[in-house]
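Asker: Mind having a look at this structure? Questions to follow.
Number of protein chains: 2
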Amino acid sequence: MSWFGWGEPAEPVHLPPAAEELLRAELRADDRSTPPVGLDEVRLPEPRLPARAAELLEHAVGAENVLRDRLARVRHAAGRSYPDLVRLRSGDASGAPDSVVLPGSREEVGEAIAICAAEGVAVIPFGGGTSVVGGVEALHGPFEAAVALDLRRLDGVVIDRESLLATLGAGLTGPRAEELLNEQGLTLGHFPQSFEHATIGGYVATRSAGQASTGYGRIDEMVRGLRMATPAGELVVKPVPASAAGPSLLELAVGSEGVFGVITDATLAARPVPQRRSYEGWSFRSFPEGAAAFREMEQSHASPDVARLSDEEETRIALLMSSSGSAAERAGKAYLRARGHEGGCIAIVGWEGTDGEVRRRRARTRTHLRHGGGVRLGSRPGDAWLRSRYNGPYQRDVLLDRGLAVETLETATTWSRLLELHAAVRGALTTALSGRGTPPLVTCHVSHLYASGASLYFTWIARREDGAELDQWRAAKEAAGDAIVAAGGTITHHHAVGRDHVRWMRAEVGDTGLEALRAVKDRLDPRGVMNPGKLLPDDAG
Amino acid sequence: MSWFGWGEPAEPVHLPPAAEELLRAELRADDRSTPPVGLDEVRLPEPRLPARAAELLEHAVGAENVLRDRLARVRHAAGRSYPDLVRLRSGDASGAPDSVVLPGSREEVGEAIAICAAEGVAVIPFGGGTSVVGGVEALHGPFEAAVALDLRRLDGVVIDRESLLATLGAGLTGPRAEELLNEQGLTLGHFPQSFEHATIGGYVATRSAGQASTGYGRIDEMVRGLRMATPAGELVVKPVPASAAGPSLLELAVGSEGVFGVITDATLAARPVPQRRSYEGWSFRSFPEGAAAFREMEQSHASPDVARLSDEEETRIALLMSSSGSAAERAGKAYLRARGHEGGCIAIVGWEGTDGEVRRRRARTRTHLRHGGGVRLGSRPGDAWLRSRYNGPYQRDVLLDRGLAVETLETATTWSRLLELHAAVRGALTTALSGRGTPPLVTCHVSHLYASGASLYFTWIARREDGAELDQWRAAKEAAGDAIVAAGGTITHHHAVGRDHVRWMRAEVGDTGLEALRAVKDRLDPRGVMNPGKLLPDDAG
């Protein structure tokens, strides 16, 4: 990962001519270049970790595991949200920690936390650093100093093959965890877009959902046990399959975003590596038609593992972006036009498992999609999606180099309110940005299905307001967040709360809900050193 | 429901001659009769609700909804555990509340709680009164008076058909909720053995699992939203399908057993009423063989909706209990003997859904069971199980009349430890009771499957120790509980904690876990009026 973005893709990202044309025509993009500053131009605050705290931390984890160099601090200064990247690229690393601490065991995590709690140093747990909601910015709270606790050395694995459980160290990245599991013929099946960098601890702490969550489940459905080091001691949730022994402490730790403590390992459900993956595209006449088909399919237990439905605008732009102008493409368009699907929506569905399972489930899914008005487009769109499933953040880097703003946000609600929520958020984003003179492209897809509802994932792209990038972003963010709350959506389906969604937490969970969370925080972290400024609004204290 | 037991069954419960013979031969049961005392002989403590509190409560809910009569107090004195029934039948209603309050709305629940918190009166939320862990006994804690808050008047229903969600009042019983849902073509599919009396609020507050939880899911998998009145205000969890907005407050309220507040309604996932139910019996050579077949089936996503596997002892006794001595029965036994299944285990499996779903899923399940060594016994055992699925508590009443003790307890663990746990609990119960001169029959079945493990449900029957019934029960309970903890099981899979499992809560959730729960309790119920003595050990305060 680069210090200012997502990093070098395996294959370079190019915008096809049709995409260039679109950006010019609809966003008034020009050819200006807006590259990041050099690393040596980045402005870092003076490190303020008191000598005594530094000495104690060095004693606890080894001096070589307490880093203070420029690159380490810049790399831990921010996550990978659009405002994070705007600031980093402009040379603003004011969110950097004073030091980066790399504990080598869960005991060392406990010691480091105890030292910080005693010395009054803020602790920011750090996994892959991929937060898009400001979750890893080193806010100091009331403390003079803050350290990032980088968990990369917690990389152990213990597998219970018979129970299909894997206890994984918090610092394992997605690819490394899969590699270790694959050696035993297993997989987690958890593939968020941040997969290449995100970690097990981050998945669990942020209540993450992978792209295949419709089939494999969200991380909260996979996690069976965990350990979390807190200033008040270690919370251990044993990995029993189910229990009626009171409220779920597992579900209290999942999604706690480092404000109660640091998740050091998690026991997750694993599955056999699928023999086969089969992905394909479908077309629907409209977003409401596709959503109804998805609902009926999910409620009939006929869903695939991956199910995504782009709205009309996302479909239009995706088709432009991938247009080659070939004869086959023209024939395909003519076919869809003849079926009344011009200007419609594309869906991607995918099954994973044994040959037999894939065949059987695919037949069922297809029956339901056909019944819901869908037309099958074959495997090419599915394969193309699979190849590009992690490309979004790389593409964003390219667009940021071109004077554009790119932001994503997501929510979920019941089926009965889904279309209302879709219209409300699209409208809010369009109005807020157009009002600033930067009319956006706003696209959306459904990507996680439940019997009672679904998620909506929005992307907006607009010409960047030079010198007021963060104001522009904030105007859009606030408009979208307010619209989500008003339309009955959750303020986040899988990106978590971090710093950026704190202002809506009271609307989300209410006064009594906030009191309950605050009570746990106060008991487990009485001095308040754990990840200040995240998840819980200060005014609830 | 009768005041001293489960009540009159639709058809009278008779013990067949073979069962009589078994009890005589193996438990030294004789023909003595041990009926309950009469209602007028029951000893009730003097009611101590202060006049001011009574007046305020009457003002809040109406004078006609504050009950003090003998029958009302006796009916709210205890749940339906074996020790509860021992005490009630002997005329001991020392667990009775001073009054029974019946609020008519969630606002009235809130008012009643606020009054009790202000006046220092303990509040015991009361649904169907079916707790088997002492969850509804009116323990007073440090307070002079205690009221049972009977929620039967909270009986509303709101259905969102499109999202397959039903918001149900806490006081609706299982049959009434099903009736209301069936009118719309829907069902919850939640059928615990207590179904006939238990309520929606009780299901959620105790983290209940129905007999068909392998297919329909546990109540914690069905619940999407809820409202809980607490002394600190109302907790409202909105029914979004999923959220990453921090720790799950839903999962903090589910299983809270009235110690934080009173759940007033819950939004639950509903399903179409199944067109068809198909149940059948299978035989396995041994419990380990059957458990391995169930594991493989569940991990292959091929499970039915109901999956139960009796161990050898439960199978032996069930066969004796249902023996008719017919030629068909003898032929069946000869067939199983020839297949090497003599002395083996019986399983019940059942599918529900559309005709097509049942056919398709049944074929898959059967393939896996056959592959695991199972022999199909046809639909008769399945139909017999369906007919008698709620009979257990009625049979218990009959056995209690006959000088016997009957107790059930349950746990769950990972597949890799299941057989160890099974042996440990069987051994502990046998040793503890035999040591007291009352060697028991100990039977067990697996009844809820998960990819990572399963539940174990134990029943023991022994000759009752006259005059030391509760000591006998306690010796068995402690031996079983200690064995469960030592063997890595959860202290309860679906009966909840109540009063009877409190002593193992520290072992279950650890010091830090208890601190977290205690913190929420202290914040939401600072005076501690909510259901004192349940769920949380006093020593953690």
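These protein sequence lines map, in sequence, to chains D and V. Plus 38 on top of the position in the first sequence (first one is 1) and you've got this note's numbering. Plus 38 on top of the position in the second sequence (first one is 1) and you've got this note's numbering. Note that CB positions come from ideal geometry on N, CA and C, so glycine has one too. Predicted model only: the values in this text are computed from it and were never measured.
1) Compute the Euclidean distance between the alpha carbons of residue 563 of chain D and residue 157 of chain V, then round it to the nearest angstrom.
2) Give me the Cβ distance between residue 230 of chain V and residue 189 of chain V, rounded to the nearest whole Å; I'm assuming they're in contact under 8 Å.
3) Check whether the Cβ atoms of residue 166 of chain D and residue 114 of chain D sit closer than 9 Å, and answer yes or no.
4) Determine the burial state of residue 313 of chain V: buried for a count of at least 16 other Cβ atoms within 10 Å of its Cβ, exposed for fewer.
5) Which partner residues does residue 301 of chain V have in the DSSP bridge list?
6) On the DSSP bridge list, what partners appear for residue 211 of chain V?
7) Check for me: the alpha helix (DSSP H) holding residue 379 of chain V runs from which residue to which?
8) Whole angstroms is fine: what's the gap from residue 318 of chain V's alpha carbon to residue 423 of chain V's?
9) So with Cβ pairs under 9 Å, would you call residue 339 of chain D a contact of chain V?
10) For the alpha helix (DSSP H) that residue 522 of chain V lies in, which residues bound it at each end?
11) Please classify residue 500 of chain D: is it buried, with 16 or more other beta-carbons within 10 angstroms of its beta-carbon, or exposed?
12) Should residue 80 of chain V be flagged as near chain D, meaning a C-beta pair shorter than 9 Å?
13) Excluding five sequence neighbours on each side, which residues of the same chain lie with their C-beta closer than 8 Å to the C-beta of residue 452 of chain V?
14) Taking DSSP as the reference, what is the three-state secondary structure of residue 136 of chain D?
15) Straight-line CA distance for residue 180 of chain D to residue 574 of chain D?
16) Ends of the beta strand (DSSP E) at residue 254 of chain D?
17) I want to see whether chain D comes within less than 9 Å of residue 488 of chain V, judged by CB atoms only; does it?
18) Grouping DSSP H, G and I as helix and E and B as strand, with all else coil, what is residue 476 of chain D?
19) Does the beta carbon of residue 325 of chain V come closer than 9 Å to any beta carbon on chain D?
20) Helix, strand or coil for residue 11 of chain V? Go by DSSP, reduced to three states.
21) Can you check DSSP and say which residues form a bridge with residue 482 of chain V?
22) Going along the region 200–220 of chain V in order, which residues come within less than 9 Å of chain D, judged by CB to CB distance?
23) If the criterion is Cβ atoms closer than 9 Å, does the pair residue 40 of chain V and residue 49 of chain V meet it?
24) Within 9 Å of any Cβ in chain V, is that where the Cβ of residue 496 of chain D sits?
25) Please report the residue range of the alpha helix (DSSP H) in which residue 446 of chain D lies.
26) If distances are taken between C-alpha atoms only, which option among V:444, V:387, V:481 comes closest to residue 462 of chain V?
27) Give a yes or no on whether the minimum CB-CB distance between residue 347 of chain D and chain V is below 9 Å.
28) Kindly indicate the opening and closing residues of the beta strand (DSSP E) around residue 185 of chain D.
29) Can you tell me the Cα-Cα spacing of residue 403 of chain D and residue 389 of chain D, whole angstroms?
30) Which stretch, first to last residue, makes up the alpha helix (DSSP H) that contains residue 357 of chain D?
31) Quick check: is the beta carbon of residue 278 of chain D nearer than 9 Å to any beta carbon in chain V?
32) Quick one: which chain V residues come within Cβ less than 9 Å of residue 533 of chain D?
33) For residue 325 of chain V, which three-state DSSP category applies?
34) Mind checking if residue 238 of chain V is an interface residue toward chain D, Cβ cutoff 9 Å exclusive?
35) Roughly how many angstroms separate the alpha carbons of residue 374 of chain V and residue 426 of chain V, rounded to a whole number?
36) Give the straight-line distance between the Cα atoms of residue 571 of chain V and residue 329 of chain D, rounded to the nearest whole angstrom.
Answerer: With the structure as the only source:
1) Straight-line Cα distance between these residues: approximately 33 Å.
2) Contact doesn't hold; Cβ gap of about 17 Å is too wide.
3) Going by beta carbons, residue 166 of chain D and residue 114 of chain D fall outside the 9 Å limit.
4) Answer is exposed; the Cβ neighbour count stays below 16.
5) According to DSSP, residue 301 of chain V bridges with V:266.
6) Beta-bridge pairing links residue 211 of chain V to V:237.
7) Looking at the DSSP string, residue 379 of chain V is not in any alpha helix (DSSP H), and its letter there is neither H nor E.
8) Cα-Cα distance, rounded: 9 Å.
9) True, the Cβ-Cβ gap to chain V drops below 9 Å.
10) Per DSSP, residue 522 of chain V belongs to the alpha helix (DSSP H) from 507–524.
11) Around the beta carbon of residue 500 of chain D, a 10 Å sphere encloses 16 or more other beta carbons of the protein chains shown; the residue is thus reported as buried.
12) Not closer than 9 Å to any Cβ of chain D, the Cβ of residue 80 of chain V fails to qualify, so no.
13) Non-local C-beta neighbours of residue 452 of chain V in its own chain, meaning closer than 8 Å and more than five positions away in sequence, comprise 490, 491, 526, ordered along the chain.
14) Looking at residue 136 of chain D - three-state DSSP - the assignment turns out to be coil, as it is neither helix nor strand.
15) For residue 180 of chain D and residue 574 of chain D, the distance between alpha carbons rounds to 15 Å.
16) Not the beta strand (DSSP E): residue 254 of chain D falls in the alpha helix (DSSP H), residues 251–254.
17) At a cut-off of 9 Å, the C-beta of residue 488 of chain V has a neighbouring C-beta in chain D.
18) Coil, per DSSP.
19) At least 9 Å separates the CB of residue 325 of chain V from every CB of chain D.
20) As displayed, chain V neither begins before 39 nor continues past 579, which places residue 11 of chain V out of reach and without an answer.
21) Answer is V:496, bridged to residue 482 of chain V.
22) Interface annotation for the region 200–220 of chain V against chain D: 200, 201, 202, 203, criterion Cβ-Cβ distance under 9 Å.
23) For residue 40 of chain V and residue 49 of chain V, no; Cβs fall outside 9 Å.
24) False, the Cβ-Cβ gap to chain V never drops below 9 Å.
25) Counting along the chain, residue 446 of chain D sits inside no alpha helix (DSSP H); it lies in the beta strand (DSSP E) bounded by residues 442–452.
26) Per the Cα distances, V:481.
27) Any Cβ of chain V closer than 9 Å to the Cβ of residue 347 of chain D would place that residue at the interface, and such an atom is absent.
28) Start and end: 183–188.
29) If you draw a straight line from the Cα of residue 403 of chain D to the Cα of residue 389 of chain D, it comes to about 10 Å.
30) Residues 350–359.
31) Look at residue 278 of chain D: its C-beta is under 9 Å from a C-beta on chain V.
32) Those within 9 Å of residue 533 of chain D in chain V are 282.
33) Helix.
34) The beta-carbon of residue 238 of chain V is placed no less than 9 Å from the nearest beta-carbon of chain D.
35) The straight-line gap separating the alpha-carbon atoms of residue 374 of chain V and residue 426 of chain V is approximately 24 Å.
36) Distance from the CA of residue 571 of chain V to the CA of residue 329 of chain D, rounded to the nearest whole angstrom, comes to 49 Å.
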